[in-house]
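Novice: Quick note: the sequence shown uses the working numbering, first residue 6, plus one each step.
No residue lacks a Cβ here, since even glycine has one placed at the ideal position from N, Cα and C.
In this text the structure is predicted, and so the values were computed from the model without any measurement.
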Amino acid sequence: MFQPRDQFPQRPRYAIEVGGTTLSAERALDIVRRQWPLIVAIVAGTLALVLVYLIVATPMYTANARILMDTRQTQVLDKDSGTANALIDPGFVDSQVEILQSDDLLLSIVRRLKLTEDSEFNGSDPGLIPLVIGKVVAMFGSDGPPSKERVERGAVELLQKNLKVERVLTTYVLSMNFRSIDPNKAAQIANAIADAYIVGALEAKYQSTKRAGEWLQQRSAELREQATASDRAVQTFKAQNNIVGTSRGLMSEQQLADVNSQLIAAHAATAEAKARLDRIEALLDKDLVQPTVTDALNNTVITRLRAQYLDLAAQYADWSTRYGKTHQAAVNLSNRMDELRKAIADEVRRIADAYRSEYEIAKSRETALEDNLKNLVSQAGSTSQAQVKLRDLESAADTYRNLYNNFLEKLQNATQNQSFPISEARIISTAVKPDKKSSPKTLLALAGGLLGGLCFGFGAAFTKELMSDVLRSPNDVEDQLGVKCLGVLPDIRPARASADHPEANISSYVVEHPFSRFAETLRNIKVSIDVARLSREVKVIGILSSLPKEGKTTVAANFGHLTALTGHRTLLIDGDLHTRSLTRALAPHSKTGLVEALKDPHSFGYHIQRSKESGLDFLPSVVASRMVNSADVIASKSMADLLAVVREEYEYIVIDLAPVMPVADAKAVSHLVDAMVYVIEWGRTSRNALQESMASSEGIQKKLLGAVLNRANPKMLKRIEAYKGSHYNSYYVEGA
């Protein structure tokens, strides 16, 4: 079984998961060490492309001109201009950018500067790449020689391509850049575009004002005729309906108001006359010489007569007292008093008659005014519909008159603007001849190429590593299997092996190269086995792999030789009854072997082959044909008995087992071995194959002591292990 997760090496603190793979800083460095040739190749290729581009690309020069949108110049004609009128809508500035890049404006530049005769704009010298593209396009069809309009259109498109107009931040300034292969031409065209824009703006404003003036003049004439016709219709309608106007309104309305006022005054006068008449008639029945009566009448004649009466009354009272009432003088005074009393009564009656006459006159006047008012009201009711129509006519006449006045004022303003046009833009920076090229930028291109190459290189390297499903480092092995990686074996296969015995030269490599890295890695495997033997019995060691041709046979043979060279009694058994590759490499001429030893385990010594160089005992496998029941044979009781016998004779028993995935032999014999070493081909064995082979047998998982990476590329190992220093390999002697 796999070891518990807490026994695995802890993932680095700074690590991320990419596609189920832990990508830490350490692994990233490992990837860079392994793939730096790819990174360098991509960077070099990118820089080469940049250099080719810099050599082939035509230098371009950029000239700059700036234009300011200034509305204050137009305020001289605007009487009502204020602060708000000086502000420009940002959309207006953006519109001017489009105008500067418009086809019509650039077409005028093409024609004025005769750019169709310039090789840069007429396509007569397009360059190598455009020339090739043009030839290829011409192969599929052509419309013949280009027309004048087509050449002009091409020049306009090229102008638009090399022209860049943009607003400077949030200001009202437009920055115009034009590129050309000739610095003088770049400045000339930039200034020509700016001048054409200013002239075009003036011409557009003049034409717009002219068209507006013509339309206003025509419209003013129409409105004048309509206003005159409306006034004439009002006057005709008044004459037809006897409607006369005054300063205070219509005459009928004025008359009605006057009569109504007079009637109100007549009502008041009649009431006043009636009140006086009633008062005087009430006084006729009273003593007319009483002060209240005379004071109420307030008449000078009556007042004078009453004064005379009072004087006579005083004399009468004196004389009648003195001489008696029968005295002639008293009688005369009494008669005189009666005459005065009668005179007062006559005067009062005369006043009453006058009041009565005034009352009758006031009443008659009131009646006449009421009759007149009724007649006027009757006339007003009969002309009410006419007055409604009159108001409509007057309203229409006023509207036409106001419109005519407004249009007349606008016509005068348009005439003034037409005679005095001012542009809302002005050139604040004239384009000058550029003193250095604007593109291609050599340093920027090289820096971009280097940066891009590094990005593509690192991306390709990491993609290659992360997309790869193989194992190349001890960390990969430990993450995948959960067991310790016992080492990385370099590839010891010769460039050209013998056709008959391709592995004959490498099955005893450790004998010829005892101080090589390959031999030292096998010693590390032996040390791991010896450490495991301190806690349990480990004698029978199985060497297995997931797939064929991963080098497990070479590892088993060399491990057996290495153990025998150390003075330990070692037995190497060819347990792969299918291919018997170990037997072909070490004892190709053997007649008997493992199968015969299984029949009589105690006589296994008759089938042993011993190496003269190392003293390794080898039990080959000799079968006439491939066995159908090889798994049963290798896991039989006879095999257990054989292993029990050889345990007594040897300290190390190494079995070269068949691959796990193709056949079931290794799974079947897993209960008879003490430990297993898993051989993984460096850069070839896939993770999926390893996972599948390990998951297929719980017995193999329990007995797995460690794994070893085999056939690693020596050159790449040096790159990967460069961080270990230049003296790391000084202990290895590959040629010894």
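Thinking just about the alpha-carbon of each residue, which of Phe412, Val682, Gly458, Leu338 is nearest to the one in Gly50?
Specialist: It is Gly458 whose Cα lies nearest to the Cα of Gly50.
Novice: Here's the rule I'm using: 16 or more other beta-carbon atoms within 10 Å means buried, otherwise exposed. How should His612 be labelled?
Specialist: His612 comes out buried.
Novice: Can you give me the C-alpha to C-alpha distance between Leu315 and Tyr360, rounded to a whole angstrom?
Specialist: Rounded to the nearest angstrom, the two C-alpha atoms are 27 angstroms apart.
Novice: Across which residues does DSSP place Ile269 in a beta bridge pair?
Specialist: Paired residue(s): none; Ile269 is not in a bridge.
Novice: Locate the beta strand (DSSP E) running through Met74, then write down its first and last residues.
Specialist: That run of the beta strand (DSSP E) goes 66-74.
Novice: Using the three-state DSSP reduction, which class does Gln15 fall into: helix, strand or coil?
Specialist: Unreliable placement is indicated for Gln15, whose pLDDT of 47 sits below 50; the coordinate value is still reported in the next sentence. It is coil, neither helix nor strand.
Novice: Just to check my reading of the structure: Tyr177 and Met74 have Cβ atoms closer than 8 angstroms, yes? What is that Cβ distance to the nearest angstrom?
Specialist: Confirmed, about 4 angstroms.
Novice: According to DSSP, is Tyr611 part of a helix, a strand, or is it coil?
Specialist: Three-state result, Tyr611: helix.
Novice: Look up Ser619 in the DSSP assignment and say whether it is helix, strand or coil.
Specialist: Note: Ser619 maps to coil in three-state DSSP.
Novice: Please list the terminal residues of the continuous alpha helix (DSSP H) segment that includes Met699.
Specialist: Segment 692-700, the alpha helix (DSSP H) holding Met699.
Novice: With DSSP as the reference, please indicate the residues paired to Lys169 in a beta bridge.
Specialist: Note: Lys169 sits in a beta bridge opposite Asn182.
Novice: Could you check what DSSP says for Ser434 in three-state terms: helix, strand or coil?
Specialist: Here Ser434 sits in strand by DSSP.
Novice: Start and end of the beta strand (DSSP E) containing Leu491?
Specialist: Start and end: 490-495.
Novice: Measure from the alpha carbon of Val659 to the alpha carbon of each residue in Gly598, Ser643, Lys544, then state which is nearest.
Specialist: Nearest C-alpha to Val659: Lys544.
Novice: How would you write the range of the beta strand (DSSP E) that Leu648 sits in, first residue to last?
Specialist: Not the beta strand (DSSP E): Leu648 falls in the alpha helix (DSSP H), residues 642-652.
Novice: Does the Cβ of Thr584 have 16 or more other Cβ atoms within 10 Å, making it buried, or fewer, making it exposed?
Specialist: Its Cβ being crowded by 16 or more others within 10 Å, Thr584 is buried.
Novice: Beta-carbon separation of Met699 and Gly547 under 8 angstroms?
Specialist: No.
Novice: Could you compute how far the alpha carbon of Gly556 sits from the alpha carbon of Glu618?
Specialist: Straight-line Cα distance between these residues: approximately 22 angstroms.
Novice: Could you say which of Asn410, Asn340, Gln320, Asp679 lies nearest to Ala645 if we only look at CA atoms?
Specialist: Of Asn410, Asn340, Gln320, Asp679, the residue nearest in Cα terms is Asp679.
Novice: Can you list, in chain order, the residues of its chain whose CB lies under 6 angstroms from that of Arg574, leaving out five sequence neighbours each side?
Specialist: Correct list, in chain order: Tyr655, Glu656.
Novice: Give the secondary structure of Ala238 by DSSP, where H, G and I count as helix, E and B as strand, and everything else as coil.
Specialist: Helix, per DSSP.
Novice: Identify, in the order they occur along the chain, each residue of the same chain with its Cβ nearer than 8 angstroms to the Cβ of Ala280, setting aside the five sequence neighbours on each side.
Specialist: No residues qualify anywhere along the chain.
Novice: Assign Ala312 to one of three DSSP states: helix, strand, or coil.
Specialist: Three-state DSSP puts Ala312 in a helix.
Novice: Please report the straight-line C-alpha distance between Arg1 and Ser124, rounded to a whole angstrom.
Specialist: The question about residue 1 has no answer, for the chain in this structure spans 6 to 741.
Novice: My guess is that Leu228 and Tyr409 are in contact by the Cβ rule of under 8 angstroms, so how many angstroms apart are they, rounded?
Specialist: With a Cβ gap of about 4 angstroms, Leu228 and Tyr409 count as contacting.
Novice: So, using beta-carbon positions, are Leu378 and Ile349 closer together than 8 angstroms?
Specialist: Going by C-beta atoms, Leu378 is not nearer than 8 angstroms to Ile349.
Novice: Considering just the uninterrupted stretch of the beta strand (DSSP E) at Glu686, what are its terminal residues?
Specialist: Element bounds for Glu686: 680-686.
Novice: Output needed for Ile432: all residues of its chain with C-beta closer than 7 angstroms, excluding positions within five of it in sequence on either side, in chain order.
Specialist: Same-chain partners within the cutoff: Ala70, Ile72, Ala199, Ile203.
Novice: How would you label Ala319, buried or exposed, when you count the other beta carbons within 10 angstroms and need 16 or more for buried?
Specialist: Exposed, since its Cβ has fewer than 16 Cβ neighbours within 10 Å.
Novice: Residue range of the beta strand (DSSP E) that Leu577 falls in?
Specialist: Here the beta strand (DSSP E) through Leu577 covers 575-579.
Novice: Mapping DSSP to helix, strand and coil, what is Lys723?
Specialist: Lys723 falls in the helix class under three-state DSSP.
Novice: With a threshold of 16 other CB atoms inside 10 Å of the CB of Glu157, please say whether the residue is buried or exposed.
Specialist: Glu157 should be labelled buried.
Novice: Which residues in the same chain as Ser702 place their Cβ atom closer than 8 angstroms to its Cβ, once the five residues preceding and following it in sequence are excluded?
Specialist: Cβ within range, chain order: Val665, Ala671, Lys672, Ser675.
Novice: How would you write the range of the beta strand (DSSP E) that Ala689 sits in, first residue to last?
Specialist: Looking at the sequence shown, residue 689 is not Ala but Arg. Careful: Arg689 lies outside any beta strand (DSSP E) and carries neither H nor E.
Novice: Are Ala663 and Ile685 touching if we call contact CB-CB under 8 angstroms?
Specialist: Not in contact: Ala663 and Ile685 (Cβ atoms no closer than 8 angstroms).
Novice: Suppose the cutoff is 7 angstroms on Cβ atoms and the five residues either side in sequence are ignored; what does the same chain contact list for Val651 look like?
Specialist: Cβ within range, chain order: Leu576, Phe609, Ile658.
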